[in-house]
Amino acid sequence: MSSAAQDDLLFKALAHSRRRQMLDLMKAAPRTTGDLCEHFSGTLDRCTVMQHLGVLERAGLIVVRREGRVRWNHLDAGPFQDIHDRWIGPYALAAADLLNRLKHDLEGG
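Just remember that this note's numbering sits 869 ahead of the position in the sequence shown, which is counted from 1.
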């Protein structure tokens with residue numbers, strides 16, 4: 870899969886608030902699919918939770934490990950580091966440089 874296609878999967882996965890909530894829940898520790906279904910009971914059915922987990926898995930944001938009938942969903946921090954390295958870091962540096970130049974200009978430099 871091309872890098873652009875993988876980026877599209879990643880950002881599509883992050884675009885949905887429920888998937889971001891699922892990632893937040895997995896941040897501290899892996900969660901079973903049953904745990905996630907229980908957490909979202911009343912708002913999402915099991916099928917919908919599974920669909921969201923599938924999107925997260927295809928995007929590489931989670932790794933699924935099966936133990937018998939139990940699915941453990943683990944957060945994979947690698948794609949977040951990739952986003953930071955590719956997008957956030959360079960844009961933050963550019964913004965900081967712009968602010969430094971503005972400060973310099975305003976101070977009469």
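Cβ coordinates follow ideal geometry from the N, Cα and C atoms, glycine included.
Query: Taking C906 as the reference, give the member of M891, W956 and A898 with the closest Cα.; Result: M891
Query: Run the CB neighbour count on A873, radius 10 Å, all protein chains shown included, and call it buried at 16 or more, exposed below.; Result: exposed
Query: For the stretch 908 to 945, list the alpha helix (DSSP H) runs that are entirely contained and at least 4 residues long, ordered along the chain.; Result: 915 to 927
Query: Within 10 Å of its beta-carbon, does V918 have 16 or more other beta-carbons around it, so buried, or fewer, so exposed?; Result: buried
Query: Could you tell me the alpha carbon to alpha carbon distance between G911 and D951, rounded to whole angstroms?; Result: 34 Å
Query: Check this for me: beta carbons of L879 and A946, under 8 Å apart or not?; Result: no
Query: What are the boundary residues of the alpha helix (DSSP H) that includes A897?; Result: S886 to A897
Query: How close, in whole Å, do the beta carbons of Y913 and R887 come, if the pair is a contact with beta carbons under 8 Å?; Result: The residue you asked about is not Tyr; residue 913 is Leu in the sequence shown. With a Cβ gap of about 7 Å, L913 and R887 count as contacting.
Query: Ignore the nearest five residues each way along the sequence and tell me which others in A882's own chain have a CB closer than 6 Å to its CB.; Result: R888, V924, L925, A928 and L930
Query: Cutting at 8 Å between CB atoms, please list the residues of its own chain near H943, excluding the five before and the five after it.; Result: M895, P899, I931, V932, V933 and R934
Query: Taking L922 as the reference, which of H973, T901, G937 and R955 has the closest Cα?; Result: T901
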